[in-house]
Ligand SMILES: C[S@@+](CC[C@H](N)C(=O)[O-])C[C@H]1O[C@@H](n2cnc3c(N)ncnc32)[C@H](O)[C@@H]1O
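Numbering (this note's numbering), first residue to last: 81 to 409.
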């Protein structure tokens, strides 16, 4: 399935690497059975799908989480038989995107459309059909979901930020949003503002009690590369790189910090204090849409609010009586 930073192409190879590393440390850590597996940045479960079964049998407990509550709702509902929409016009896509801004509950359809029918799989970044009208992104996403579903049917899903977890005794694969600070093409509006420094500190902390592996392009000092591969990445469709418009090549790596304490594996726990949070969308409030500024109903876009009519400007000018200094007196 399409997703920004998703591991659809390299998921199998990454999962094989994780299993190999687990086997390598099994003796040192006294492991006799496969470790429970946790992905705090689950997304489209590109690696998770290969971590469950061996020879048709479930081999370990698996848990995933993601801060995108709509995407998690999509997985939870799909595990219970929900089917994604067959079609999604640009109008419907826009209606769903706006609905996230006022919604109080997550929506499986919004999770599906926001990821599968958006450019580069970046959540509601732009209607994908506009950039490639020859493809039926909705049907493609539905086929992908049907294919992956049997492989992730038993995965326990949480809709929480990774900071809520304090795991112990787990095999962990963390695939966070890319650190845009490192990316050679710089920041753009499709990238989230993720605190990477805090993330790496937390992963070092988790490494004391878990076997932790991280996917990124670069890592702070002390982290070792245990696997790498060149990948194509979708970026801002209007941005040109040496590889053409909207695409970029980078070397994706899996990093490891240090083996954990042997005693951590006696009683695995996720260390959760709460399992649910109120709904909060990750859809951006203001959105540049085909050259027009868009703002939620009842609000004005940043650019529109700068262009005030002369009457409005006059209304905003403080009068003698209502000036802040006067008011204080
Ligand atoms: C690179 S993607 C993961 C892709 C996934 N491995 C796959 O194969 O599809 C990063 C994910 O992290 C999620 N995310 C961003 N900030 C987060 C946070 N603070 N806690 C948990 N998840 C977060 C995003 O919603 C996104 O789904």
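Cβ coordinates follow ideal geometry from the N, Cα and C atoms, glycine included.
Here's the rule I'm using: 16 or more other beta-carbon atoms within 10 Å means buried, otherwise exposed. How should residue i be labelled?
{"i": "residue 149", "result": "buried"}
{"i": "residue 193", "result": "buried"}
{"i": "residue 185", "result": "exposed"}
{"i": "residue 153", "result": "buried"}
{"i": "residue 234", "result": "exposed"}
{"i": "residue 83", "result": "buried"}
{"i": "residue 202", "result": "buried"}
{"i": "residue 357", "result": "exposed"}
{"i": "residue 264", "result": "Because residue 264 carries a pLDDT of 42, less than 50, the predicted location of this residue cannot be relied on, and the following value inherits that uncertainty. Residue 264 is exposed by the Cβ-count criterion."}
{"i": "residue 212", "result": "exposed"}
{"i": "residue 113", "result": "exposed"}
{"i": "residue 129", "result": "buried"}
{"i": "residue 386", "result": "For residue 386, the predicted model reports a pLDDT of 48, less than 50, meaning its position is unreliable; a value from the coordinates is still stated below. Residue 386 comes out exposed."}
{"i": "residue 347", "result": "exposed"}
{"i": "residue 351", "result": "exposed"}
{"i": "residue 87", "result": "buried"}
{"i": "residue 161", "result": "exposed"}
{"i": "residue 377", "result": "Residue placement at residue 377 is poorly supported in this model, since its pLDDT is 43, which falls under 50; the coordinates are not used for a value here."}
{"i": "residue 81", "result": "buried"}
{"i": "residue 267", "result": "Reliability fails at residue 267, whose pLDDT of 45 lies under 50, so the model's placement of it is uncertain and the value that follows must be treated cautiously. So residue 267 counts as exposed."}
{"i": "residue 166", "result": "exposed"}
{"i": "residue 383", "result": "Low per-residue confidence applies at residue 383: pLDDT is 45, beneath 50, and the placement is therefore not dependable, though the value from the model is reported in the following sentence. Residue 383 is exposed by the Cβ-count criterion."}
On a Cα-Cα basis, can you pick out the residue from the options that is closest to residue i?
{"i": "residue 191", "options": "215, 296, 221, 287", "result": "221"}
{"i": "residue 100", "options": "205, 227, 115, 201", "result": "115"}
{"i": "residue 236", "options": "299, 140, 217", "result": "140"}
{"i": "residue 209", "options": "181, 157, 170", "result": "170"}
{"i": "residue 355", "options": "241, 127, 133", "result": "241"}
{"i": "residue 206", "options": "330, 124, 176, 286", "result": "176"}
{"i": "residue 204", "options": "181, 215, 216, 117", "result": "181"}
{"i": "residue 249", "options": "278, 349, 299", "result": "349"}
{"i": "residue 340", "options": "353, 126, 289, 359", "result": "289"}
{"i": "residue 232", "options": "353, 342, 345, 133", "result": "133"}
{"i": "residue 361", "options": "342, 155, 183, 93", "result": "183"}
{"i": "residue 93", "options": "159, 359, 309, 344", "result": "309"}
{"i": "residue 156", "options": "189, 168, 299", "result": "189"}
{"i": "residue 127", "options": "85, 344, 359", "result": "85"}
{"i": "residue 216", "options": "359, 168, 278", "result": "168"}
Taking 8 angstroms as the cut-off, is the beta-carbon of residue i closer than that to any non-hydrogen atom of ligand 1?
{"i": "residue 291", "result": "no"}
{"i": "residue 342", "result": "no"}
{"i": "residue 87", "result": "yes"}
{"i": "residue 148", "result": "yes"}
{"i": "residue 145", "result": "yes"}
{"i": "residue 126", "result": "yes"}
{"i": "residue 311", "result": "no"}
{"i": "residue 257", "result": "yes"}
{"i": "residue 118", "result": "no"}
{"i": "residue 242", "result": "yes"}
{"i": "residue 362", "result": "yes"}
{"i": "residue 161", "result": "no"}
{"i": "residue 274", "result": "yes"}
{"i": "residue 351", "result": "no"}
{"i": "residue 232", "result": "no"}
{"i": "residue 122", "result": "yes"}
{"i": "residue 295", "result": "yes"}
{"i": "residue 192", "result": "no"}
{"i": "residue 334", "result": "no"}
{"i": "residue 132", "result": "no"}
Should residue i and residue j be called a contact, given that it needs their Cβ atoms to be closer than 9 angstroms?
{"i": "residue 146", "j": "residue 254", "result": "no"}
{"i": "residue 172", "j": "residue 143", "result": "no"}
{"i": "residue 196", "j": "residue 164", "result": "yes"}
{"i": "residue 259", "j": "residue 245", "result": "no"}
{"i": "residue 311", "j": "residue 90", "result": "yes"}
{"i": "residue 256", "j": "residue 276", "result": "yes"}
{"i": "residue 282", "j": "residue 243", "result": "yes"}
{"i": "residue 198", "j": "residue 187", "result": "no"}
{"i": "residue 302", "j": "residue 284", "result": "yes"}
{"i": "residue 228", "j": "residue 117", "result": "no"}
{"i": "residue 124", "j": "residue 95", "result": "no"}
{"i": "residue 151", "j": "residue 110", "result": "no"}
{"i": "residue 338", "j": "residue 287", "result": "yes"}
{"i": "residue 353", "j": "residue 108", "result": "no"}
{"i": "residue 97", "j": "residue 307", "result": "yes"}
Tell me whether residue i counts as near ligand 2, meaning its Cβ is closer than 8 angstroms to at least one heavy atom of that ligand.
{"i": "residue 83", "result": "Questions concerning ligand 2 fall outside what the structure shown contains, since the ligands it does hold are ligand 1."}
So, does the CB of residue i fall closer than 9 angstroms to a CB anywhere in chain C?
{"i": "residue 292", "result": "In the structure shown, chain C does not exist; there is a single protein chain."}
Notebook entry, point to check: Are the segment 283 to 297 and the segment 334 to 341 touching, with three or more C-beta to C-beta distances below 8 angstroms?
Noted result: yes
Checklist line | Segment contact, 8 angstroms Cβ cut-off, at least three pairs: the segment 205 to 222 with the segment 103 to 110 | finding: no
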